[in-house]
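**Student:**
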Amino acid sequence: SIQQWRRRNSDEDGVFEDGVDYFPALYETEREQPLQTSYVLAEGAPEWFDQNLQAAVFRFGADLRKKFVTSARLNIFLRRPEQFEYGQITTRLNIYQRFPNGTLGPKLVSKHLDLDFGEATEFEQVELMLDVLPVQEWIENGPQFEQQKFYSDFDNENIPSSIALYVEAIYEGENLVQYPALANNEENEDENQKYSAYSSPSRMFFELELTNLKSGRSRRNANTCKPGSNNTKCCLYDLVIDFEKIGWGFVIAPKRYNAYVCSGECARMATSPSMGRFQAAAAAKIDHFQCCHPKEYNGIT
1 SIQQWRRRNS DEDGVFEDGV DYFPALYETE REQPLQTSYV LAEGAPEWFD QNLQAAVFRF
61 GADLRKKFVT SARLNIFLRR PEQFEYGQIT TRLNIYQRFP NGTLGPKLVS KHLDLDFGEA
121 TEFEQVELML DVLPVQEWIE NGPQFEQQKF YSDFDNENIP SSIALYVEAI YEGENLVQYP
181 ALANNEENED ENQKYSAYSS PSRMFFELEL TNLKSGRSRR NANTCKPGSN NTKCCLYDLV
241 IDFEKIGWGF VIAPKRYNAY VCSGECARMA TSPSMGRFQA AAAAKIDHFQ CCHPKEYNGI
301 T
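Okay, so the sequence shown: first residue is 1 according to UniProt numbering, each after it adds one.
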């Protein structure tokens, strides 16, 4: 009868009605994570930063720390040179990270460009692909360029990560890269800034493709070293392993992995009598992870 058929097919999972064992985990592959696209617009540097230095600030929302970056494209707008009517020019585009103390990191990307400015062309848009590894670190490392310069370790989790880039395309001594307007400087009438209002279509922006982390948890590490800072506490420096270079061609993905290495002092945080139980517990946890590195290392055999 129909009732008997339903009863027979409602037995525990893993067994067909004819008694043949069935284990879905052996046959079903993991479903591929759908890609998501996020756009991050450049902003001007905060007031405390040296306003004489060019910098495009990018703020990555705290929700992105639960994502994995699969590709990162930076879209840049180059304006027509001041003493140039129309025609083709040649330049080289270079991208660096700008640190809070004003210094520059190693060159991230460099590309030769042939730009053709027509009579009605004000800007040329250029798209560059960046390595996803530094972009992932920028998202996870917390704020560097905020209006409030310093945050406690307890605040960093819920505020956007922020970094700054310096982009140059020099033609006859002039940087053609269009930067966002300086923070709180709406009356700036400089020629290099007059097209840079926040509503301008020529704002630099990131186009990120992301997937969700399988664990649903943030990969961010609060103790990752921030270049350009003078912090002496123990933190993690980059130690990138390229599997192809070391002869591990059998590793399909990822091709590179950041294993990190610890460096710095293991000084404990001073606890205040007014510190609550939750904050004291969090401080103890931070102290524990700051002393994660071994005292001695043995060779790999």
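No residue lacks a Cβ here, since even glycine has one placed at the ideal position from N, Cα and C.
In this structure, does DSSP put V251 in helix, strand or coil?
**Tutor:** coil
**Student:** What residue does the alpha helix (DSSP H) around I139 start on, and which one ends it?
**Tutor:** V132 to E140
**Student:** Quick check on the DSSP output: the beta strand (DSSP E) that includes A56 runs from which residue to which?
**Tutor:** A56 to F60
**Student:** Just checking, does the stretch 161-168 make contact with the stretch 88-99 on the three C-beta pairs under 8 Å criterion?
**Tutor:** yes
**Student:** Using a Cβ-Cβ cutoff of less than 8 Å, which residues in the same chain neighbour A62 once the five nearest sequence positions on both sides are dropped?
**Tutor:** E157, N158, I159, P160 and S161
**Student:** Which residue or residues does DSSP assign as beta-bridge partners of R92?
**Tutor:** H112
**Student:** By Cβ distance below 7 Å, which residues in the same chain neighbour T70 in space, the five residues on each side in sequence not counted?
**Tutor:** L35, V132, E209, L210 and T211
**Student:** By Cβ distance, which residues of its chain are closer than 6 Å to V261, with the 5 residues on each side in sequence left out?
**Tutor:** Y237 and L239
**Student:** By how many angstroms is the C-alpha of E146 removed from the C-alpha of R220?
**Tutor:** The pLDDT assigned to R220 is 46, lower than 50, so where the model puts this residue is not dependable; a value taken from the coordinates is nonetheless given after this. Cα atoms of R220 and E146: separation of roughly 18 Å, rounded to the nearest angstrom.
**Student:** May I ask which residues mark the beginning and end of the beta strand (DSSP E) holding V69?
**Tutor:** K67 to R79 is the span of the beta strand (DSSP E), which, as asked, contains V69.
**Student:** Using the Cβ count rule (16 or more neighbours within 10 Å means buried), how would you classify V251?
**Tutor:** It counts as exposed.
**Student:** Where does R79 land, buried or exposed, given buried means 16+ other C-beta within 10 angstroms?
**Tutor:** buried
**Student:** For L64, does the three-state DSSP call read helix, strand or coil?
**Tutor:** helix
**Student:** How big is the Cα-Cα spacing for G102 and V40?
**Tutor:** 22 Å
**Student:** Considering only DSSP beta bridges, list what R203 is partnered with.
**Tutor:** BP columns for R203 are empty, so no partner.
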